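When the letters of the sequence shown are read in order and numbered with the working numbering, they come out as residues 12 to 423.
The block underneath contains the structure these notes are about, expressed in structure tokens.
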Amino acid sequence: MDAAGRQIVFVNLAHVFTHYGLLILATAVLAMVVQDAQGFGGLYGPILALGTGMFVFYGLGSLPMGWLAERFGRPRLMAAFFLGTGGAMALAGLAPGPVSLALALALMGAFSAIYHPIGTAMLVDAAGARVGRAMGLNGVFGNLGVATAPVVTAAVAAGLGWRWAFIIPGLLCFLAGLVYLREGAVDAAKAKAASRPFPEIPREVVRRAVIVLLSLAAVGGFIFNAFTLLLPKLIEERLAGSPDLLPVVGMLAFLVTLCGGATQFTVGRIIDRSTLKRVFMPLAFVQMPGLALLSVLEGWPVLLVGGLLAAAIFGQVTVNETMTARYVAPALRTKLYSIRFFVGFLGAAAASPVVAWLHQSTGGQGAVLAVMSVFAGITIVCALFFPNRREELEPELWAKSLPPRAVPAAAE
């Protein structure tokens, strides 16, 4: 395996830890209300809201990453991700009360903000011509973190206590950072990408793609984060019926999320042979009616519809990641990824307090799902507006679509 290949391995591993760490609280809270009611209040909504700062810093922190990458280099930032995220995760498990837990989670969110703008840009550079496949596989690793977070957290919290559900993955993430430092990873993928010419794309086409991309970031960030946050509690309310069945809740949430991971891998392979809009459209049209239906379902049908929604929501992530790779030149990708994930994580940050507040106000997850279905309607509009150009698959054709004397937007 060459240096670029090893870089992809660490980027994929970082994707696991990113999404795993952000979702520990969503399941650990079910144990905290029982095991540590005196120290943390014993109420689901207020404890879950302690994660708000984590998602706020997760979003805000992504904005300066393009500038930091130019100043310190992408490999150093990836090392800081592993060490900082792992250390903060372990600190969360040692928190004596709500304030210290909220601070530790906020610190973890700040270090986790490194991954998406930096890791995704490094992955695209290393992937070569098969960006869709690399993105799909990377999405599988990310969803492995999403899917295993509830089941592993539930098992560890039930067996060892909720604190170890933070400490154990934190130590593993920190250890991965030490291995990364020992590897002496360099940004070999950047040099590899520089050797490949990027086509000149008309300004109006790039502008249209970027508008859709940023709009999707805000809406999709809210839907993705709200769905993954509410899933364990939704399953507990609609199927398990008791906090004592925590391992069962975790396993069912794992099975639902697994549908999303499988879809991302499939979508990634399809994208390399199809325009993005053709893949995007069916994924967008599933979400609005699916979320509306899930808001009223009870019993085992929740798992079926939940799995279908996970497939659509997570599959769309792979499409969104590839949009930047196809329409934005390598020199601008890290900066655009920083802006895009900043916008997206603002939507994601809103999910935690919205889920907590609506659940406490209505006593269930139906209202949250109804709000999400409205946001999913915006996703449909974005899918309709996105360009559908065969030049995506044959980049040499972009030159024919340039107007005379036009300055290509991708080359600016």
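No residue lacks a Cβ here, since even glycine has one placed at the ideal position from N, Cα and C.
Predicted model, so just to flag it, every value in this text is computed and none were measured.
Chain D contact for residue 413 (CB, 7 Å cutoff)
The structure shown has no chain D; it contains just one protein chain.
Three-state secondary structure (DSSP) of residue 125:
Of the three classes helix, strand and coil, the one that applies to residue 125 here is coil, per DSSP.
Excluding the 5 residues flanking residue 194 on each side, which residues of the same chain have their C-beta closer than 8 Å to its C-beta?
The beta carbon of residue 194 lies closer than 8 Å to those of 17 and 21 in the same chain, with the five residues before and after it left out.
Sub-7 Å separation of residue 305 and residue 267 beta-carbons
Taking 7 Å as the cut-off, the beta carbon of residue 305 is found no closer than this to the beta carbon of residue 267.
Sub-7 Å separation of residue 35 and residue 160 beta-carbons:
Yes. Within cutoff.
Going along the chain, which unbroken runs of the alpha helix (DSSP H) with 4 or more residues stay wholly within the region 98-179?
Correct list: 109-123, 131-138 and 142-170.
What span of residues does the alpha helix (DSSP H) with residue 18 cover, start to end?
First-last of the alpha helix (DSSP H) with residue 18: 14-33.
Count the other CB atoms, across all protein chains shown, that sit within 10 Å of the CB of residue 407; report buried if there are 16 or more and exposed otherwise.
Residue burial annotation: residue 407 is exposed, with fewer than 16 other C-beta atoms found within 10 angstroms of its C-beta.
For residue 303, the three-state DSSP class (helix, strand or coil)
Residue 303 carries a helical assignment under DSSP once its states are collapsed to helix, strand and coil.
Looking at residue 108 and residue 50, is the spacing between their C-beta atoms short of 7 Å?
Contact flag set, yes.
What did DSSP end up calling residue 247 once you bin it into helix, strand or coil?
Helix at residue 247.
Once DSSP output is grouped into helix, strand and coil, what is the label at residue 399?
Correct three-state label for residue 399: coil.
If the criterion is Cβ atoms closer than 7 Å, does the pair residue 29 and residue 164 meet it?
No, Cβ-Cβ distance for residue 29 and residue 164 is not below 7 Å.
Report the CB separation of residue 244 from residue 376 in whole angstroms; it is logged as a contact under 8 Å.
For a cut-off of 8 Å, the C-beta gap from residue 244 to residue 376 is around 6 Å, short enough to register as a contact.
Could you compute how far the alpha carbon of residue 187 sits from the alpha carbon of residue 93?
Cα-Cα distance, rounded: 7 Å.
Among the candidates 97, 127 and 113, whose CA atom is the shortest distance from the CA of residue 332?
Checking every option, the nearest Cα to that of residue 332 belongs to 127.
Can you tell me which of the three DSSP states residue 417 falls into?
Since pLDDT at residue 417 reaches only 48, below the 50 mark, its modelled position is unreliable, and no value is offered.
Can you tell me whether residue 154 is buried or exposed, with buried defined as 16 or more other CB within 10 angstroms of its CB?
Counting Cβ neighbours within 10 Å, residue 154 comes out buried, since at least 16 surround it.
Assign residue 395 to one of two classes, buried (16 or more other C-beta atoms within 10 Å of its C-beta) or exposed (fewer than that).
Burial is judged here by how many other beta carbons sit within 10 angstroms of a residue's own beta carbon; residue 395 has fewer than 16 and is exposed.
Going by beta carbon distance, what residues of the same chain come within less than 7 Å of residue 346, once the five residues before and after it are set aside?
Same-chain partners within the cutoff: 77.
Work out the CA separation of residue 148 and residue 27 for me, nearest whole Å.
Inter-residue distance for residue 27 and residue 148 is about 12 Å (C-alpha atoms, whole angstroms).
So, helix, strand or coil for residue 212, using DSSP?
Of the three classes helix, strand and coil, the one that applies to residue 212 here is coil, per DSSP.
Go through its chain and collect everything with a Cβ distance to residue 402's Cβ below 6 Å, but skip five positions before and after it.
Only residues of its own chain outside the window of five on either side were considered, and among them 408 and 409 have a CB closer than 6 Å to the CB of residue 402, listed in chain order.
Cβ of residue 104 within 7 Å of Cβ of residue 363?
No, the pair does not count as a contact, with Cβ atoms beyond the cut-off.
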